[in-house]
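Below you'll find the structure, written out as structure tokens, and then a few comments.
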Amino acid sequence: MTSDRSLEPRLEPYAPLNVLKPVAPDVWIVDGPEITFAWIGLKLPFTTRMTVIRLSNGDLILHSPVGYSLELRSALEALGPIRFLVAPNSLHYWWIPDWKVQLPGVPVLAIPGLDKRAKRPVQVDQLLMDRQSPWPDEIDLLVVKGDVLTEAVFFHRLSKTLILTDLIENFELKRIHGWFFRMLVRFSGAADPDGKAPIDMQLSFFRSGQALRKAVRQMIVWAPERIVIAHGRWYEKDAVKELRRAFRWV
96 MTSDRSLEPR
106 LEPYAPLNVL
116 KPVAPDVWIV
126 DGPEITFAWI
136 GLKLPFTTRM
146 TVIRLSNGDL
156 ILHSPVGYSL
166 ELRSALEALG
176 PIRFLVAPNS
186 LHYWWIPDWK
196 VQLPGVPVLA
206 IPGLDKRAKR
216 PVQVDQLLMD
226 RQSPWPDEID
236 LLVVKGDVLT
246 EAVFFHRLSK
256 TLILTDLIEN
266 FELKRIHGWF
276 FRMLVRFSGA
286 ADPDGKAPID
296 MQLSFFRSGQ
306 ALRKAVRQMI
316 VWAPERIVIA
326 HGRWYEKDAV
336 KELRRAFRWV
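If you read the sequence shown in this note's numbering, its first letter stands for residue 96, the second for the next number, and so on.
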């Protein structure tokens, strides 16, 4: 993904932007500006969303950070010290180098292979490996591998919050400006209220379907109460029901 601020937003943003919004105890989201994703010659718009987790010792984890600003950093540091920057999949990394420049001592945690696939240099300090959570007493981790996408899935036990990135996308059609993108979203299967992984991403898990099914079963066993996703309307309730619906293609 790349930032393209020269374009007028083609998705109605989840205002207010770049401010902390409470989700659950010690969990917040920050909705950011539109970003574009290049796909077969098209520039497709996506909304962006960061998830912030505060550990029991007060340290903050920034999951899929949105754009850096002094104002946002100050708001975050009022909650606690920023200790981890997380690139949860091979697409969600774009603004991490900007945060790393400002916070050089904060480690970047990323899925394997990001350094080779990223379209801008990203310093990776620690790899996210399957079930090897850097915070085993508070957060469970799964790494789901596909041919196109590898994604780290996080479950914050205290709040029962499941944090996904692109494994579920849930675009609200009423927020999309332009018939062509609305058509693409409908065709891809990523439209609210039946959002899921887009069809091209589903196909990329053809060879790893068994592993994905196992991962989905684990997510259900965790019994989350809510699911935060990066693109579109996230799920404030009925999380297990939404998992069964969104992953029925598996």
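Every residue, glycine too, gets a C-beta built ideally from N, C-alpha and C.
- Message: Checking the sheet assignment: what are the DSSP bridge partners for residue 308?
- Response: The partner list for residue 308 (beta bridge, DSSP) is empty, contrary to what the question assumes.
- Which residue spans inside the region 261 to 330 form an unbroken beta strand (DSSP E) run of at least 3? 321 to 323
- Query: Between which two residues does the alpha helix (DSSP H) harbouring residue 111 extend?
  - Reply: Counting along the chain, residue 111 falls outside any alpha helix (DSSP H), and DSSP gives it neither H nor E.
- Message: Restricting to Cα atoms, I'd like to know which of 130, 293, 265 and 249 is closest to residue 259.
- Response: 249
- Query: Can you name the residues that DSSP bridges to residue 222?
  - Reply: 205
- Message: Which same chain residues end up closer than 7 angstroms to residue 175 when comparing Cβ atoms and leaving out the 5 residues on each side of it in sequence?
- Response: 149, 153, 154 and 155
- Is the beta carbon of residue 385 sitting closer than 8 angstroms to the one on residue 160? Here the chain covers residues 96 to 345 and nothing more, so residue 385 does not appear.
- Query: Would residue 157 pass as a contact of residue 180 if the rule is Cβ separation under 8 angstroms?
  - Reply: yes
- Query: Nearest-angstrom Cα distance between residue 281 and residue 252?
  - Reply: 33 angstroms
- C-beta contact flag for residue 182 and residue 209 at 8 angstroms: yes
- Answer yes or no: do residue 190 and residue 163 have a C-beta to C-beta separation smaller than 8 angstroms? yes
- Task: Go ahead and pull the three-state DSSP assignment for residue 140.
- Result: strand
- Check whether the Cβ atoms of residue 323 and residue 118 lie closer than 8 angstroms to each other. yes
- Segment contact flag, the region 222 to 235 with the region 288 to 300, C-beta cutoff 8 angstroms, min 3 pairs: no
- Item | Contact set for residue 330: own chain, Cβ-Cβ below 7 angstroms, skip 5 residues either direction | 321, 322 and 337
- Item | Nearest-angstrom beta carbon gap, residue 125 and residue 115 [assumed within contact, 8 angstroms] | 6 angstroms
- Query: Excluding the five sequence neighbours on either side, which residues of its own chain have a C-beta within less than 6 angstroms of the C-beta of residue 214, listed in chain order?
  - Reply: none
- Query: Rounded to a whole number of angstroms, what is the C-alpha to C-alpha distance between residue 257 and residue 237?
  - Reply: 11 angstroms
- residue 246 - DSSP class collapsed to helix/strand/coil: strand
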